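Asks:
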Amino acid sequence: MPLPIDCSDMSPNHYTQPNGNFMTCCCNEGKKKFDKETEKYYSVLERHLNLSSRKKETYLQEADTQIDKERQLFYDASLEYVFKIQEVQEKKKFEFVEPLLAFLQGLFTFYHEGYELAQEFEPYKQQLQFNLQNVSLGTSGAADEGNQPRNLILQLIIVDVTRLFTSGYLYE
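Those letters in the sequence shown? Residues 1384 to 1555, per our numbering, in order.
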């Protein structure tokens, strides 16, 4: 049988704070790198847009090469950042599901133990029901037994009362 689980520490902060801390510590580095590469890429694009078409062909080719290089770095940084975010989301799922599963296991264990205790006390409950039925039947029988002498006494009184009214020299 699994050990009972202490559910007193299962507050919302118990789960949300570690997830938030993990999100900030793991993703901050990736976010900083992504932001840095984004700024570099956008600045290179702006410089490229500001180039005049009168520049030398070699200079324009170097600018194109630089844009391609920055674009590749930008794509790498953005994909790495997305990967880290996905990693955090997956970890969040596990960190949420595992305690939930432990809580449900504890709950089911609690109900199973209650069921087992109820099964242990089943003979006592049945005996108590049997005794209660016997007492109930006994009280209704006792009421009938108490009513018989009462009815007999009432009949005798009624007979005696009718004799009083019908007695005399004419009715004897």
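Just so you know, even glycine gets a beta-carbon here, dropped at the ideal spot from N, CA and C. This one's a predicted model, so the numbers in the text were calculated from it and none came from an experiment.
Excluding the 5 residues preceding and the 5 following PRO1385 in the sequence, name in chain order all residues of the same chain whose CB lies nearer than 8 Å to its CB.
Replies: Low confidence applies to PRO1385: its pLDDT is 48, below 50, so where it sits in the model is not reliable enough to give any reading.
Asks: May I ask you to verify whether the segment 1472 to 1482 touches the segment 1437 to 1455, counting CB pairs closer than 8 Å and requiring at least 3?
Replies: Judged by Cβ distances under 8 Å, the segment 1472 to 1482 makes no contact with the segment 1437 to 1455, as fewer than three pairs qualify.
Asks: Below 8 Å on the Cβ atoms is my contact criterion, and I expect PHE1417 with TYR1458 to pass it. Report the Cβ-Cβ distance as a whole number of Å.
Replies: Wrong, their Cβ atoms sit about 11 Å apart, outside the cutoff.
Asks: Compute the Euclidean distance between the alpha carbons of GLU1445 and GLU1429, then round it to the nearest angstrom.
Replies: Rounded to the nearest angstrom, the two C-alpha atoms are 15 Å apart.
Asks: Hey, GLU1470 and LYS1423: beta-carbon distance below 8 Å or not?
Replies: Against a cut-off of 8 Å, the Cβ pair of LYS1423 and GLU1470 comes out as no contact.
Asks: From which residue to which residue does the alpha helix (DSSP H) around PHE1504 run?
Replies: Looking at the DSSP string, PHE1504 is not in any alpha helix (DSSP H), and its letter there is neither H nor E.
Asks: Let me confirm a value: PHE1513 is counted as buried when at least 16 other C-beta atoms fall within 10 Å, else exposed. Which label applies?
Replies: Classification for PHE1513: exposed.
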